[in-house]
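First up is the structure itself, then whatever we jot down about it.
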Amino acid sequence: MRSPQALFSSLLCAALCFSQTACRSNEPEDPMPAADGQEPLSMEEFRRLIQDAGTMSPVDEAMGDPYRDLDPEMGSTPEELAAEKEAAEAAAEEQPFVPAILNPYQEFGSRIQVHDDTGLITKPYPMRPGMGQKMVDLISEYGDFAVYDPETGPQGPETVRLDLRAGFDQEFISNNLRSTGPDAGQGITLSDWLIVTASQASLSDVEFFIDIFAGGPPQIEIEAKIVEWVTNDSLDLGVGPVSEGTPIVDFPGSTLVRDLTWNFPNQVGANQFLATVGTVQDGVTYNMVLEALARYENVSIISRPKVAVREGGKASIEAIELIPYLKITSITNTGGFNTSIDYQEVGVRLFVVPRLVGTSTVSLEISVEASLQTATSVTASTAAGDQISVPTLASRKAETLVYLKPGQAVILGGLITERNVEDEKKIPLLGDIPLLGYLFKSRFTSTEKAQVLFFIRPRVLGGSDLNRDF
Numbered sequence: 000m001r002s003p004q005a006l007f008s009s010l011l012c013a014a015l016c017f018s019q020t021a022c023r024s025n026e027p028e029d030p031m032p033a034a035d036g037q038e039p040l041s042m043e044e045f046r047r048l049i050q051d052a053g054t055m056s057p058v059d060e061a062m063g064d065p066y067r068d069l070d071p072e073m074g075s076t077p078e079e080l081a082a083e084k085e086a087a088e089a090a091a092e093e094q095p096f097v098p099a100i101l102n103p104y105q106e107f108g109s110r111i112q113v114h115d116d117t118g119l120i121t122k123p124y125p126m127r128p129g130m131g132q133k134m135v136d137l138i139s140e141y142g143d144f145a146v147y148d149p150e151t152g153p154q155g156p157e158t159v160r161l162d163l164r165a166g167f168d169q170e171f172i173s174n175n176l177r178s179t180g181p182d183a184g185q186g187i188t189l190s191d192w193l194i195v196t197a198s199q200a201s202l203s204d205v206e207f208f209i210d211i212f213a214g215g216p217p218q219i220e221i222e223a224k225i226v227e228w229v230t231n232d233s234l235d236l237g238v239g240p241v242s243e244g245t246p247i248v249d250f251p252g253s254t255l256v257r258d259l260t261w262n263f264p265n266q267v268g269a270n271q272f273l274a275t276v277g278t279v280q281d282g283v284t285y286n287m288v289l290e291a292l293a294r295y296e297n298v299s300i301i302s303r304p305k306v307a308v309r310e311g312g313k314a315s316i317e318a319i320e321l322i323p324y325l326k327i328t329s330i331t332n333t334g335g336f337n338t339s340i341d342y343q344e345v346g347v348r349l350f351v352v353p354r355l356v357g358t359s360t361v362s363l364e365i366s367v368e369a370s371l372q373t374a375t376s377v378t379a380s381t382a383a384g385d386q387i388s389v390p391t392l393a394s395r396k397a398e399t400l401v402y403l404k405p406g407q408a409v410i411l412g413g414l415i416t417e418r419n420v421e422d423e424k425k426i427p428l429l430g431d432i433p434l435l436g437y438l439f440k441s442r443f444t445s446t447e448k449a450q451v452l453f454f455i456r457p458r459v460l461g462g463s464d465l466n467r468d469f
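Below you can see the structure in the form of structure tokens.
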């Protein structure tokens, strides 16, 4: 019995023979077409290929393999790759560099005038008042530009024309907007205008020059840390009757003095008490309230303001509290007076003027002030006995001039205020008795300390700091 491979080969051969006999019965057997430059493959050789093990065998040398000499990883031989690289580098060196030409409106903005006949571009540059002529002198002396001279004729693309209009930009502000008649107002000069006309390449160089020298002084960031704390240590002692109708000492009815009473409460009121004392001794009744209050307060306030200012400018930081009081405005014919509400400012003020010395050292001129209310003083009394008082303020100031390197900070301290208060009310003689004297007097003592510290650190801002997002 034949194998499946032999049976498949016989059927394929019979089909081929039948096809050739039907189509070309009178023609000899044609060989298989061959690749260019190779010998034709006969039908007998083709039958041997497909009969060998039932599968197609690798391509024979007789078939020809056009890819047999190529590197399977790179697709080309190393020699061919090196030659292609050298040819590409040589071609790139021979081609001249052609800079990209930008749209002038894209490069300089929409506020320009393009002259179609000459290709020149005109653009205005506003500057601070008085800076226009200085910039013209800088461009003429230090700029690598050929300044246009009107006597030489029409301007060419190789020159730069500078037209200064000093005080060109002005604003008029009315003196009185509610005036019924016409108001000419007051003119204020806002800026000088320097109008530059040049080719696109030259105008780009001039604009870069102006950005360097007319961009204004450097910006300096002032970071401050203000630490303020207040401590208050007080002791408040007092004595008073148990109630309004109950005397402190009640004697029997047959005595000359029937009762004694007094009232020296502590300053915070009678709600804070230590004990209620009551006793009966030979018909004498004692009823009193001993009041005592000890208080300690420690208040700390920390603020971290931050402000940026140009070099040479003044930066101010204020943390102010307004204290209201009645201010006497006038005195009437009957001896009375008229008042109005006014305010006193207390708090912390910081003024700094930074100047750049060299490239990184910063000179700081500093003035600090700290104020607070210490007491009140009576200025007038009304007929009804009411008193009008104003706040009494205490102020502390410090001024200095320092030089700081990057990362350094200056500390201003020593602004300390200490306030001691002693208030005592007593019955003469009885209040001076040792120990028992506390039953006949009230006593208030207080010690208050306030201190302010300033930590100031400058930092010169660069381009990345000024252009960063919030």
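So for the sequence shown, numbering that gives the first Met the number 0 puts the first residue at 0; every next one is plus one.
Glycine included, C-beta positions come from ideal geometry on N, C-alpha and C.
Predicted, not measured: the structure shown is a model, and the values here were computed from it.
| Check | Outcome |
| --- | --- |
| Considering only the beta carbon of each residue, do threonine 416 and alanine 379 sit closer than 8 Å? | no |
| Anyone know if the C-beta pair for serine 376 and valine 345 falls short of 8 Å? | no |
| Using C-beta distances below 8 Å, list every residue in its chain close to aspartate 431, excluding the 5 sequence neighbours before and after it, in chain order. | Lys425 |
| So for tyrosine 147, helix, strand or coil by DSSP? | coil |
| Suppose you measure from the CA of phenylalanine 208 to the CA of leucine 137; what does that come to, to the nearest Å? | 9 Å |
| List the residues that DSSP assigns as beta-bridge partners of lysine 424. | Ser441 |
| I'd like to confirm the pairing. Which residues does DSSP put opposite glutamine 105 in its beta bridges? | Its beta-bridge partners do not exist; DSSP assigns none. |
| Excluding the 5 residues preceding and the 5 following arginine 456 in the sequence, name in chain order all residues of the same chain whose CB lies nearer than 6 Å to its CB. | Glu222, Ala408 |
| With a threshold of 8 Å, are at least 3 pairs of Cβ atoms found where one atom belongs to the stretch 304-324 and the other to the stretch 341-361? | yes |
| Name the residue from Ser203, Ser445, Glu170 whose alpha carbon lies nearest to the alpha carbon of serine 190. | Glu170 |
| Within 10 angstroms of the Cβ of glycine 237, are there 16 or more other Cβ atoms? Answer buried if so, exposed if not. | buried |
| Can you tell me whether serine 201 is buried or exposed? The criterion is at least 16 other CB atoms within 10 Å of its CB, across all chains shown. | buried |
| Give the straight-line distance between the Cα atoms of lysine 305 and valine 298, rounded to the nearest whole angstrom. | 23 Å |
| Mind checking glycine 118: buried by the 16 CB within 10 Å criterion, or exposed? | exposed |
| Provide the residue span of the beta strand (DSSP E) that contains lysine 313, from first to last. | Segment: none, lysine 313 is in no beta strand (DSSP E) and carries neither H nor E. |
| Which word fits glutamate 227, buried or exposed, when buried means at least 16 other C-beta atoms lie within 10 angstroms of its C-beta? | buried |
| Among the candidates Leu428, Thr373, Leu452, Lys404, whose CA atom is the shortest distance from the CA of arginine 418? | Thr373 |
| Alanine 369 CB to nearest chain B CB: under 8 Å? | Reference to chain B is not applicable here, since this structure consists of a single protein chain. |
| Mapping DSSP to helix, strand and coil, what is aspartate 204? | helix |
| In or out: threonine 196 buried (at least 16 other Cβ within 10 Å) or exposed? | buried |
| Mapping the DSSP letters down to three states, classify valine 451 as helix, strand or coil. | strand |
| Look at the alpha carbon of isoleucine 319 and the alpha carbon of aspartate 341, and state the distance between them as a whole number of angstroms. | 15 Å |
| For cysteine 22, count neighbouring C-beta atoms within 10 Å of its own C-beta (all shown protein chains included) and say buried if the count is 16 or more, exposed if not. | Low confidence applies to cysteine 22: its pLDDT is 45, below 50, so where it sits in the model is not reliable, and the reading given next is rough at best. So cysteine 22 ends up on the exposed side. |
| Near serine 359, what residues of its chain come up, given a Cβ to Cβ distance below 6 Å and the 5 sequence neighbours on each side ignored? | Pro405 |
| Can you find at least 3 beta carbon pairs, one from the stretch 175-189 and one from the stretch 109-118, that sit closer than 8 Å? | no |
| Report the CB separation of valine 451 from isoleucine 225 in whole angstroms; it is logged as a contact under 8 Å. | 7 Å |
| By the DSSP assignment, the alpha helix (DSSP H) with glutamine 132 in it spans what residues? | 130-141 |
| Mark leucine 101 as exposed unless 16 or more other C-beta atoms lie within 10 angstroms of its C-beta, in which case mark it buried. | exposed |
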